[in-house]
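*Asks:* I'd like to ask some things about the structure below.
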Amino acid sequence: CSDPQEFSNTNVRWRLPAVCFVWQLSMIILFGVFVRYNEESDTHWVDYRKGNNITSDIENDFYFRYPSFQDVHVMIFVGFGFLMTFLKRYSFGAVGFNFLIAAFGIQWALLMQGWFHSLDYTDGKIKIGVENLINADFCVAGCLIAYGAVLGKVSPVQLLVMTLFGITLFAVEEYIILNVLHAKDAGGSMVIHTFGAYYGLSISWVLYRPNLDKSKHLNGSVYHSDVFAMIGTLFLWMFWPSFNSAIADHGDGQHRAAINTYLALASTVLTTVAISSLFEKTGKLDMVHIQNSTLAGGVAVGTAAEFMLSPYGSLIVGFFCGIISTMGYIHFSPFLEEKLKIQDTCGIHNLHAMPGVIGGIVGAIAATAATNTVYGDLGLENTFDFTGPFAKRVPTIQGGYQAAGLCVALCFAIGGGIFVGLVLKLPIWGDPADENCFDDEIYWEVRQFLLTHVSTGIKH
Amino acid sequence: CSDPQEFSNTNVRWRLPAVCFVWQLSMIILFGVFVRYNEESDTHWVDYRKGNNITSDIENDFYFRYPSFQDVHVMIFVGFGFLMTFLKRYSFGAVGFNFLIAAFGIQWALLMQGWFHSLDYTDGKIKIGVENLINADFCVAGCLIAYGAVLGKVSPVQLLVMTLFGITLFAVEEYIILNVLHAKDAGGSMVIHTFGAYYGLSISWVLYRPNLDKSKHLNGSVYHSDVFAMIGTLFLWMFWPSFNSAIADHGDGQHRAAINTYLALASTVLTTVAISSLFEKTGKLDMVHIQNSTLAGGVAVGTAAEFMLSPYGSLIVGFFCGIISTMGYIHFSPFLEEKLKIQDTCGIHNLHAMPGVIGGIVGAIAATAATNTVYGDLGLENTFDFTGPFAKRVPTIQGGYQAAGLCVALCFAIGGGIFVGLVLKLPIWGDPADENCFDDEIYWEVRQFLLTHVSTGIKH
Amino acid sequence: CSDPQEFSNTNVRWRLPAVCFVWQLSMIILFGVFVRYNEESDTHWVDYRKGNNITSDIENDFYFRYPSFQDVHVMIFVGFGFLMTFLKRYSFGAVGFNFLIAAFGIQWALLMQGWFHSLDYTDGKIKIGVENLINADFCVAGCLIAYGAVLGKVSPVQLLVMTLFGITLFAVEEYIILNVLHAKDAGGSMVIHTFGAYYGLSISWVLYRPNLDKSKHLNGSVYHSDVFAMIGTLFLWMFWPSFNSAIADHGDGQHRAAINTYLALASTVLTTVAISSLFEKTGKLDMVHIQNSTLAGGVAVGTAAEFMLSPYGSLIVGFFCGIISTMGYIHFSPFLEEKLKIQDTCGIHNLHAMPGVIGGIVGAIAATAATNTVYGDLGLENTFDFTGPFAKRVPTIQGGYQAAGLCVALCFAIGGGIFVGLVLKLPIWGDPADENCFDDEIYWEVRQFLLTHVSTGIKH
């Protein structure tokens, strides 16, 4: 798709509206057939309360999870959206397409995850509550991570297709990891970050553009676009404790997950700054590192967030991830592009892929090392849900299943990504020519770029 | 006021400080006479708890509503404020005057709403708690919506006058709708959006400026001002579930309102994108639509948010509102301006007026259609508060009162707006001349517009 | 350090990474030795619950404080960070160095405050939970306030040194004020604001630069940098009720603190606008005042936030602080710089120092005036913790201790600040020359300042 005259018709006039309408109508029909309120969001809650001796409305799951849900919601729409506004002339596409695919993705995720996790077999309906909303946001996060790899190089129609398949793959992968293998992954290091990142990188590999340097002059930031991106960075960083604790166990589970994440992220900031300064000749800092690598600790502490990782354990995880992620931007990203032919606009390999895999490994080790002495008998059972068919599982075995979960995430991501990449290579999606990448003017009405001074003189 | 030499003295030096000081002093005196803490925010709470067998501090209303309150607070100050920063040279006025009128409005609203809803007849005092803070924010939202219609064309003194009257009218209208008619309106489709929008549009109609095209070159956006506006859009969009659930019933009421709003908003995004792309010759998207119409679903699901609208019902509401709102920007706004002489800077007719009316109608239909089968006996009673003097009301009758509520909102808005418009037409308020509209330099010290490069060369 | 050839080597290549690495490693070791989860964030919570007859997980302190914690977290990282982005070419330094020192500070604060407040004497470990996270954020706030005075004039290494000492001094001062004197300071008017502000001003006094006007052309804002700063202002303003209520007593304490802060801040906005307009010849508003002085009411109501200040009392506090703070920017800041040789980049004397002292005084008066009639017997005991060794203290005595607390904060701030200033004067920290102050290009890779239009023409 390098010749604009022949292949690149970026006019998405009929394709984009058609996809949006048809898919949204399908959502309405499927929701009509399948989705209902669960017992905590239904007017029968008052009867349910009495039937279950629940003394107060405050024990509705809403009050345990809604504040965390809203924080996660901000991460998805403002966090991811603004993090990607760093490009000098693709800020509309960053925040606007992020908005579009997330809004579609959460609906499709409610269905896909609902069929696997919230299906009421008595009436064949998916029953939803606040936890489903959080999980839908999580599911979308995987696709938004993937968007980071292809930012500026695909059309909104391609993004919607990528999201449709991404959510579907995610739901299956998640079911296998969490339910079949019974692995734990509160913050989604494996399920969300590893999957999302390798899914996006595989797509980007298939869509490799050898002549991308034709739009090289737009593949960079300008002063204020970097400040906009820091809005995304900070909302991700600040609310990450909510992300990792949002669906953790009530009580100590959510409490501990928040503490571990808070600490891991703090540690990451210092090593990111250290490496960024160390590898620049004059010791200057690079905004790319500050915007991205400071978040790696949150990714890597995801799986083990709920475990008794201990506060210093969280600091250690953050310490190494800041180093690895920043080194990735300096050394590994150029290698990826030149040798492996993977063009990764936002550097998701450094922010999500490597830290995600580390997170999976940390989780496996932490599970293996869990003991009754540290956790308490009841604590161990609660934390790892060693109940029902898994009542006889022990921590060392659990560690193995955790590792297996990581492999499942990788397989689904790479296999699925290559397949979806091939679909997206079809010359029907309105993607931009090589010389028009990273340019909002292809898909957006842009009225005026510069704040020029019209009527009066510039004051100094 | 079209001749700057004769009528337009935009020097507000004495008028603005005088209004601020006198009104703030009045607030202090009125609060001193009337406002006290309620039993949940008073130190006697510990006694109240014992007297009412409340087992834990967590059952203080603060913990049910404070997270939602903070989200609403963000919508009022950052949401509305930044949404209006889209104009290339009126960002200070957008976010700054929004700040000013909201800060005044919440105080006056605590008094006005307090007299109607929270007056303790035993001692003649208004007793306030977190729910009053939320309601004050809601009340101000109506005035901020109205500000959207006159953005850039009025002085801060006019805005304060508009807010004083707006809050007063709101409190009366709200009392009639919620208490006299006993209509339900959790998210304020009628009480807030319909009222606020038609109030602002009526004012704008009275203040019609035939020569406004003299400042046409400033009535538009620049690249980064559109990105700033997206901050407002997204915080409104993300926190709208909190808006619609903030004062809903404890337990399932808040839970369900959040779910319905989440879904309606997701659906709206897709149809907004579809229509925006469809009506532009080359299929490009327009930032105006993405910034505004994506929110229409939240407005329209407001009244029925607490009802058993069901998840697909919410999607349907969002679906149509995205279409109608975007079509409104494309076709109806020019008609409003040319034929009806209503200049609507932010297009509040498309974002708040039409979706608000739709929301009122949806609420009336949903109330009429409510059945004991779907809601349960107790659920129906709780949801519609069929207690006390309204114990014998049935859903079909409730539907009629809902519709009557919508009419009340419209009457107060249009009647009040015309009256306030006439007051604001007096040539004493320091409003800008036609050629100075949409320009921050009239009311703000602006030091420098462009980020010029002073000491070193621009690096590429 | 005024001659760049001789003294100013701003290359921090080895110093910054070394400090970051060594300090972060020290944190890991100290956390390993000292820090563990408390009983509410440990897996033994399930046993603790049973042992203490706690009926539901919702009574875990996490659910009382986590929403407020997240709001405080936003204030620290986005609030303070973006408030300081107002300089035209120091936005990276504002938001980036704020991020760095806060991330280090919260770790060191968990240790320092832990030793004083959360040490479990049975095993010598610091036991942390959500309240510790909030307190660590509070502790860092003091250092970020101090950063405001030296913004643009110091190196990141100096900032880290300033933070190390600042946190240490804070923890001791806080221990003396809250534990030894048993003063109350829910929102930290004395402990955080008075201390932080005079600490920063003392440092700035020692580091006085007589030739700072060499970089005068950069010591100001540009249009969009002022809009960025409003993001900081608004998130501070909106979430201040959470700041002042975050560690207040469960139930009515948190509830009342939020209400008092909400009202004080609203009042401040009006008087800030009034004074800003009044003292400008043409009645225009100054963004500096709107960005800063509107927050003074939140500072000043900090100590008394939890007390029965009553709603009108809060309005009065806000009323006067808006006036004093804005007058400070107009009249007192120039005096400070010219006569007292204190260069205060952000005007923290007006935003934190004066309002902080006022807050301490208001707190002392409110405590002195407390009566059993107003508070109730149990309410008085709970609010002032007149228990244990302080069971016999009465309000009038408490007022005296409150005033003593204010003096302790001032002494630690000024004494500590002068000492740290002298340390920072050593010519080893890589601080910028006078002509390079307020310039990001010293410490950051800046790719391109202006959004120039590269491939197509500017559209009008």
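One line per chain: the protein sequences are A, B and C, in this order. Here the first sequence stands for residues 6 to 465, numbered as in our numbering. Here the second sequence stands for residues 6 to 465, numbered as in our numbering. Here the third sequence stands for residues 6 to 465, numbered as in our numbering. Where a beta carbon is used, it is the ideal one built from N, C-alpha and C, also for glycine.
1) Please report the residue range of the alpha helix (DSSP H) in which A/Lys430 lies.
2) By the DSSP assignment, the beta strand (DSSP E) with C/Arg41 in it spans what residues?
3) In this structure, does DSSP put C/Leu314 in helix, strand or coil?
4) Under three-state DSSP, which class holds C/Trp449?
5) Taking its Cβ as the centre, do 16 or more other Cβ atoms sit within 10 Å of A/Asn297, making it buried, or is it exposed?
6) Going by CA-CA distance only, name the one from B/Ile34, B/Gly157, B/Ser194 that's closest to B/Ala358.
7) How close, in whole Å, do the beta carbons of B/Leu156 and B/Ala99 come, if the pair is a contact with beta carbons under 8 angstroms?
8) Mind pulling the chain B residues with CB within less than 7 angstroms of C/Lys289?
9) Tell me, which residues are paired with B/Asp174 by DSSP?
10) Looking at B/Ile208 and B/Val425, is the spacing between their C-beta atoms short of 8 angstroms?
11) Using DSSP with H/G/I as helix, E/B as strand and the rest coil, what is A/Asp125?
12) Would you mind stating whether C/Val232 and C/Val24 have Cβ atoms separated by less than 8 angstroms?
13) C/His354 to C/Pro339, Cα distance in whole Å?
14) What residues of chain C sit near B/Cys25, judged by a beta carbon separation below 7 angstroms?
15) By Cβ distance, which residues of its chain are closer than 8 angstroms to B/Ser272, with the 5 residues on each side in sequence left out?
16) How is the alpha helix (DSSP H) around A/Ile208 delimited, first residue to last?
17) Using only the alpha-carbon positions, how far apart do C/Leu21 and A/Glu285 sit?
18) Using a Cβ-Cβ cutoff of less than 8 angstroms, which residues in the same chain neighbour C/Leu290 once the five nearest sequence positions on both sides are dropped?
19) Quick one: using the 10 Å Cβ neighbour count with 16 as the cut-off for buried, is A/Gly119 buried or exposed?
20) If we define contact as Cβ-Cβ less than 8 angstroms, is C/Thr388 a contact residue for chain B?
21) Could you tell me the distance, in whole angstroms, from the CA atom of A/Asp492 to the CA atom of A/Asp439?
22) For B/Gly147, which option in B/Asp125, B/Gly171, B/Ile447 has the closest C-alpha, if you only look at C-alpha atoms?
23) Hey, does B/Asp445 have any beta-carbon neighbour from chain A nearer than 8 angstroms?
24) Output the residue ranges of the alpha helix (DSSP H) runs that lie fully inside the region 271–350 of chain C and measure 4 residues or longer, sorted by chain position.
25) Locate the alpha helix (DSSP H) running through B/Lys55, then write down its first and last residues.
26) Considering Cα atoms alone, identify which of B/Thr168, B/Ala108, B/Ile131, B/Gly365 is closest to B/Leu429.
27) Is the distance from the Cβ of B/Asp444 to the Cβ of B/Phe97 below 8 angstroms?
28) Helix, strand or coil, according to DSSP, for A/Ile433 in the structure here?
29) Name the chain C residues whose beta carbon is nearer than 9 angstroms to that of A/Tyr228?
30) Can you find at least 3 beta carbon pairs, one from the region 55–67 of chain B and one from the region 334–352 of chain C, that sit closer than 8 angstroms?
31) Beta-carbon separation of B/Ala108 and B/Cys144 under 8 angstroms?
32) Among residues of its own chain, excluding the 5 on either side of A/Arg41, which ones have a beta-carbon nearer than 6 angstroms to its beta-carbon?
33) Give me, in chain order, the residues of the same chain whose beta-carbon lies closer than 7 angstroms to that of B/Ser230; leave out the 5 immediate sequence neighbours on both sides.
34) Is B/Gly352 helix, strand or coil when you go by DSSP?
35) Relative to chain B, which residues along the region 177–203 of chain C have a C-beta separation below 7 angstroms, given in chain order?
36) Let's see if you can read the secondary structure: which residues bound the beta strand (DSSP E) around C/Ile59?
*Replies:* On the basis of the coordinates in this document:
1) Here residue 430 of chain A refers to the residue found at position 425 of the first sequence. Start and end: 400–430.
2) Residue 41 of chain C sits at position 36 when you count from the first residue of the third sequence. Residues 40–42.
3) In the third sequence, counting from the first residue as 1, residue 314 of chain C sits at position 309. Three-state result, C/Leu314: coil.
4) Locating residue 449 of chain C in the third sequence gives position 444, where the first residue counts as 1. In the three-state DSSP reduction, C/Trp449 falls in the strand class (E or B).
5) On the first sequence, position 292 is the one that residue 297 of chain A refers to. Here A/Asn297 is buried. Its C-beta has 16 or more other C-beta atoms within 10 Å.
6) Here residue 358 of chain B refers to the residue found at position 353 when the second sequence is read from its first residue. Comparing alpha carbon positions, the residue from B/Ile34, B/Gly157, B/Ser194 closest to B/Ala358 is B/Ser194.
7) By one-based count along the second sequence, residue 156 of chain B stands at place 151. By one-based count along the second sequence, residue 99 of chain B stands at place 94. Correct: roughly 7 angstroms between the Cβ atoms.
8) Here the question's residue 289 of chain C lines up with position 284 in the third sequence. The contact set of C/Lys289 on chain B, defined by CB atoms closer than 7 angstroms, consists of Tyr448, Trp449, Glu450 in chain order.
9) The sequence position of residue 174 of chain B within the second sequence is 169, counting from 1. Correcting the residue type first, residue 174 of chain B is Leu in the shown sequence and not Asp. DSSP lists no partner for B/Leu174.
10) If you number the second sequence from 1, residue 425 of chain B lands on position 420. If you number the second sequence from 1, residue 208 of chain B lands on position 203. Yes, these two residues count as a Cβ contact at 8 angstroms.
11) Position 120 of the first sequence, counted from the first residue, corresponds to residue 125 of chain A. DSSP places A/Asp125 in the strand class (E or B) of the three-state scheme.
12) The count along the third sequence starts at 1 and reaches residue 232 of chain C at position 227. The count along the third sequence starts at 1 and reaches residue 24 of chain C at position 19. Taking C-beta atoms as the reference points, C/Val232 and C/Val24 fail to come closer than 8 angstroms.
13) Taking the third sequence and counting its residues from 1, the one referred to as residue 354 of chain C is at position 349. Taking the third sequence and counting its residues from 1, the one referred to as residue 339 of chain C is at position 334. Each residue's Cα considered, the two are about 11 angstroms apart.
14) Stepping through the second sequence from its first residue, residue 25 of chain B is reached at position 20. Those within 7 angstroms of B/Cys25 in chain C are Leu275, Thr276, Val278, Ala279.
15) Counting from 1 along the second sequence, the entry for residue 272 of chain B is found at position 267. Counting only Cβ-Cβ distances below 8 angstroms, and skipping sequence neighbours, we find Gly302, Ser319, Leu320, Ile321, Val322, Gly323, Phe324, Gly327.
16) For the purposes of this step, residue 208 of chain A is taken as residue 203 along the first sequence, with counting starting at 1. Its alpha helix (DSSP H) spans residues 200–211.
17) Here residue 21 of chain C corresponds to residue number 16 of the third sequence, with the count starting at 1. Here residue 285 of chain A corresponds to residue number 280 of the first sequence, with the count starting at 1. Computed Cα separation, rounded: 12 angstroms.
18) Your numbering for residue 290 of chain C matches position 285 in the third sequence. Val278, Ser281, Ser282.
19) Residue 119 of chain A sits at position 114 when you count from the first residue of the first sequence. Flag for A/Gly119 reads buried.
20) As a position in the third sequence, residue 388 of chain C is number 383, starting the count at 1. Residue-level contact by beta carbon holds for C/Thr388 and chain B, with a gap shorter than 8 angstroms.
21) The question about residue 492 of chain A has no answer, for chain A in this structure spans 6 to 465.
22) Along the second sequence, read from residue 1 onward, the residue named residue 147 of chain B stands at position 142. Of the candidates B/Asp125, B/Gly171, B/Ile447, the one whose C-alpha sits nearest the C-alpha of B/Gly147 is B/Gly171.
23) As a first step, residue 445 of chain B must be located in the second sequence, where it is residue number 440. With 8 angstroms as the cut-off, B/Asp445 does not count as an interface residue toward chain A.
24) You should have 292–297, 301–305, 316–332, 338–343.
25) One-based indexing of the second sequence puts residue 55 of chain B at position 50. Unbroken alpha helix (DSSP H) run through B/Lys55: 50–56.
26) In the second sequence, residue 429 of chain B corresponds to position 424, counting from 1. Per the Cα distances, B/Thr168.
27) As a working note, residue 444 of chain B is residue 439 in the second sequence. As a working note, residue 97 of chain B is residue 92 in the second sequence. When the beta-carbon positions are compared, B/Asp444 and B/Phe97 stay at least 8 angstroms from each other.
28) For the purposes of this step, residue 433 of chain A is identified with residue 428 of the first sequence, where counting begins at 1. Coil, per DSSP.
29) As a position in the first sequence, residue 228 of chain A is number 223, starting the count at 1. Chain C residues near A/Tyr228: Arg94, Ser96, Phe97, Asp445, Val451, Arg452, Gln453, Phe454, Leu455, Leu456.
30) Judged by Cβ distances under 8 angstroms, the region 55–67 of chain B makes no contact with the region 334–352 of chain C, as fewer than three pairs qualify.
31) Taking the second sequence and counting its residues from 1, the one referred to as residue 108 of chain B is at position 103. Taking the second sequence and counting its residues from 1, the one referred to as residue 144 of chain B is at position 139. No, they are not a contact pair.
32) On the first sequence, position 36 is the one that residue 41 of chain A refers to. Lys130, Lys132.
33) Reading the second sequence from its first residue, position 225 is the one you call residue 230 of chain B. Correct list, in chain order: Thr90, Phe91, Leu92, Lys93, Ser96.
34) Here residue 352 of chain B corresponds to residue number 347 of the second sequence, with the count starting at 1. The answer is coil: DSSP assigns B/Gly352 none of H, G, I, E or B.
35) So nothing in the stretch comes that close.
36) Taking the third sequence and counting its residues from 1, the one referred to as residue 59 of chain C is at position 54. From DSSP, C/Ile59 is part of no beta strand (DSSP E); its letter is neither H nor E.
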